[in-house]
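Undergrad:
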Amino acid sequence: MKRTLLTLVLLFIAVFIAACGAPATNTPANTGNTNANTNAAKPTAAAPTRETLLDMDKKANEAWIKGDKAYFEGFLSDKFVSFERGQRMTRAELLQMIGSFKCDVKTWSLDDPQMEKIDADTYIVSYKGTFDGTCTGPDGKAEKLPSPMRAASVYVRSGDTWKGAFHSETLIIDPKAPPPPPAKTEPKKEEPKKDDKTASSTNASSAAPAKPTPSANTEALVKLHQAGWEAFKAKDAKKFDEMLTANFSMVDPLGGWMTGKANIVKQWTETMKCEGITKVSVTDGFSTALSPTVELLTLKGTADGTCDGQKNGPLYQSALYVKEGNAWKLAFMFESPAM
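Numbered according to this note's numbering, the sequence shown spans residues 1 to 339.
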């Protein structure tokens with residue numbers, strides 16, 4: 001035992017001496033190489049599996065139900081964006097909201113995970129969620145959780161971890177039995193103004209997060225997305241082939257998961273029976289750069305006419321664009337009806 005211990009100590013000393021070597025006489029060039037080797041040695045997160053990403057969403061769901069703000073502070077990317085029911089929310093806005101809802105959830109499950117790779121540092125997971133419970137907001141009104149629903153989350157590599165960069169959910173709709181329109185709500189009554197001291201104290205403790213600014217590529221991506229709606233109107237399969245990535249996937253307005261570029265283009269240009277579409281438009285475009293080569297564009301798209309016998313209406317869309325060479329291409333899209 002002592003001999004073994006002595007051998008280990010001598011081996012450690014030998015390695016230490018070899019690493020240290022003679023007194024430092026390195027040139028600036030050698031110093032640069034040392035820095036490069038140090039940077040290269042930094043750990044990076046391995047490519048995820050769909051089970052890994054689904055498990056991360058499950059943990060985030062548990063934290064949301066518990067109102068665990070601390071969990072999300074470590075879980076969310078600084079670039080995080082959510083877009084649901086036309087409401088765009090940043091990381092700071094979401095963190096401020098967590099805990100303001102009190103949830104009573106009896107059972108819940110996340111199933112049928114689907115994963116797509118956007119690039120080496122960006123992945124998407126989509127799944128079906130089923131919930132039995134309610135959440136009560138700051139206004140004291142309890143609302144039943146939408147179920148079943150389809151969700152999608154974007155994850156980005158951050159050193160040796162994966163962080164949440166986008167999340168959205170939409171109700172899974174049976175086209176033969178669409179949900180009733182939402183009930184009209186009474187306008188909220190204005191509360192009496194508080195005295196200056198109370199008001200200033202309240203403002204200090206709940207100051208609104210700074211408003212984000214759109215990415216410099218917003219205008220270009222809005223124009224590109226408008227061209228996609230024009231291609232839909234014209235049933236232009238060639239245009240779609242040019243603007244979509246090879247592994248394009250999406251969540252459709254009924255909460256269905258769709259994958260396969262050729263299948264989706266055929267759905268848009270042949271399978272869907274659309275009539276009377278004379279105008280399309282894109283409004284409220286706002287893009288966020290998740291990385292130098294990946295941008296998330298949120299917007300509202302609208303078409304007139306009908307498709308498959310149903311009157312067209314506005315859609316909320318979250319579009320993930322990735323840069324391939326010098327061109328931006330649509331890699332993923334999340335759609336939900338603007339009801």
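Backbone N, C-alpha and C define an ideal beta-carbon position, used for all residues, glycine too.
Go ahead and label Gln-310 buried or exposed: buried means 16 or more other beta carbons lie within 10 angstroms of its beta carbon, across all protein chains shown.
TA: Looking up residue 310 in the sequence shown gives position 310. Exposed, since its Cβ has fewer than 16 Cβ neighbours within 10 Å.
Undergrad: So for Phe-332, helix, strand or coil by DSSP?
TA: On the sequence shown, residue 332 is found 332 positions in, with the first residue counted as 1. It is a strand residue.
Undergrad: CA-CA distance, Thr-161 and Ala-47?
TA: Within the sequence shown, the letter at position 161 stands for residue 161. Within the sequence shown, the letter at position 47 stands for residue 47. Approximately 10 Å between the Cα atoms of the pair.
Undergrad: With which residues is Pro-424 paired in a DSSP beta bridge?
TA: Nothing in the structure corresponds to residue 424, since the chain is present only between 1 and 339.
Undergrad: Would Gly-276 and Asp-304 qualify as a contact pair, given that the criterion is a beta-carbon distance under 9 Å?
TA: In the sequence shown, the residue the question calls residue 276 occupies position 276. In the sequence shown, the residue the question calls residue 304 occupies position 304. Yes. Within cutoff.
Undergrad: Where do the ends of the alpha helix (DSSP H) carrying Gly-74 lie?
TA: Stepping through the sequence shown from its first residue, residue 74 is reached at position 74. Looking at the DSSP string, the run of the alpha helix (DSSP H) that includes Gly-74 is 69 to 75.
Undergrad: Using only the alpha-carbon positions, how far apart do Glu-365 and Lys-300 sit?
TA: Given that the chain is displayed from residue 1 to residue 339, the structure contains no residue 365 and the question cannot be resolved.
Undergrad: Threshold first: 4 residues or longer. Then list the alpha helix (DSSP H) segments lying entirely within the region 69 to 133, N to C.
TA: 69 to 75, 91 to 97
Undergrad: For Ala-151, is the classification buried or exposed, using 16 other Cβ atoms within 10 angstroms of its Cβ as the cut-off for buried?
TA: For the purposes of this step, residue 151 is taken as the residue at position 151 of the sequence shown. Label assigned to Ala-151: buried.
Undergrad: What does the alpha-carbon distance come out to for the pair Ser-158 and Leu-76?
TA: Against the sequence shown, residue 158 aligns to sequence position 158. Against the sequence shown, residue 76 aligns to sequence position 76. Approximately 10 Å, taken between the alpha carbons.
Undergrad: Between His-167 and Val-154, is the Cβ-Cβ spacing less than 9 Å?
TA: Position 167 of the sequence shown, counted from the first residue, corresponds to residue 167. Position 154 of the sequence shown, counted from the first residue, corresponds to residue 154. Cβ distance < 9 Å, so His-167 and Val-154 count as in contact.
Undergrad: Does the structure place the region 210 to 217 close enough to the region 270 to 287 that three or more beta carbon pairs sit under 8 Å?
TA: yes
Undergrad: Can you tell me which of the three DSSP states Leu-54 falls into?
TA: In the sequence shown, counting from the first residue as 1, residue 54 sits at position 54. Looking at Leu-54 - three-state DSSP - the assignment turns out to be helix.
Undergrad: Could you spell out where the alpha helix (DSSP H) holding Gly-228 opens and where it closes?
TA: By 1-based counting over the sequence shown, the position of residue 228 is 228. Per DSSP, Gly-228 belongs to the alpha helix (DSSP H) from 218 to 234.
Undergrad: Can you tell me whether Asp-284 is helix, strand or coil according to DSSP?
TA: Your numbering for residue 284 matches position 284 in the sequence shown. The answer is strand: DSSP assigns Asp-284 an E or B state.
Undergrad: Hey, out of Leu-221, Pro-175, Trp-328, Asp-104, whose CA is closest to Asp-252's CA?
TA: As a working note, residue 252 is residue 252 in the sequence shown. Out of Leu-221, Pro-175, Trp-328, Asp-104, Pro-175 has the C-alpha closest to the C-alpha of Asp-252.
Undergrad: Closest to Gly-67 by CA distance: which of Gln-317, Lys-238, Gly-137, Lys-273 is it?
TA: Here residue 67 refers to the residue found at position 67 when the sequence shown is read from its first residue. Nearest C-alpha to Gly-67: Gly-137.
Undergrad: What residue range is occupied by the uninterrupted beta strand (DSSP E) comprising Met-149?
TA: To locate residue 149, count along the sequence shown from 1; it is residue 149. Residues 149 to 158.
Undergrad: Assign Ala-47 to one of three DSSP states: helix, strand, or coil.
TA: Residue 47 sits at position 47 when you count from the first residue of the sequence shown. Coil.
Undergrad: At which residues does the alpha helix (DSSP H) containing Met-250 begin and terminate?
TA: Reading the sequence shown from its first residue, position 250 is the one you call residue 250. Careful: Met-250 lies outside any alpha helix (DSSP H), inside the beta strand (DSSP E) at 244 to 251.
Undergrad: Return the CA-CA distance between Ile-124 and Lys-42, expressed in angstroms with no decimal places.
TA: Taking the sequence shown and counting its residues from 1, the one referred to as residue 124 is at position 124. Taking the sequence shown and counting its residues from 1, the one referred to as residue 42 is at position 42. Answer to the nearest angstrom: the Cα atoms are 25 Å apart.
Undergrad: Within 10 angstroms of the Cβ of Asp-57, are there 16 or more other Cβ atoms? Answer buried if so, exposed if not.
TA: Here residue 57 refers to the residue found at position 57 when the sequence shown is read from its first residue. By the 10 Å Cβ count, Asp-57 comes out buried.
Undergrad: Grab the span of the beta strand (DSSP E) containing Ala-142 for me, first residue to last.
TA: On the sequence shown, position 142 is the one that residue 142 refers to. Start and end: 142 to 144.
Undergrad: State the Cα-Cα distance for the pair Lys-163 and Glu-242, rounded to the nearest angstrom.
TA: The residue you call residue 163 lines up with position 163 of the sequence shown. The residue you call residue 242 lines up with position 242 of the sequence shown. Straight-line Cα distance between these residues: approximately 31 Å.
Undergrad: Does Lys-211 come out as helix, strand or coil in the three-state DSSP assignment?
TA: Here residue 211 refers to the residue found at position 211 when the sequence shown is read from its first residue. The answer is coil: DSSP assigns Lys-211 none of H, G, I, E or B.
Undergrad: On the premise that Ala-338 lies in contact with Tyr-321, defined as a C-beta separation below 8 Å, what is that separation, rounded to the nearest angstrom?
TA: Position 321 of the sequence shown, counted from the first residue, corresponds to residue 321. Position 338 of the sequence shown, counted from the first residue, corresponds to residue 338. Not really, about 21 Å apart at Cβ, beyond 8 Å.
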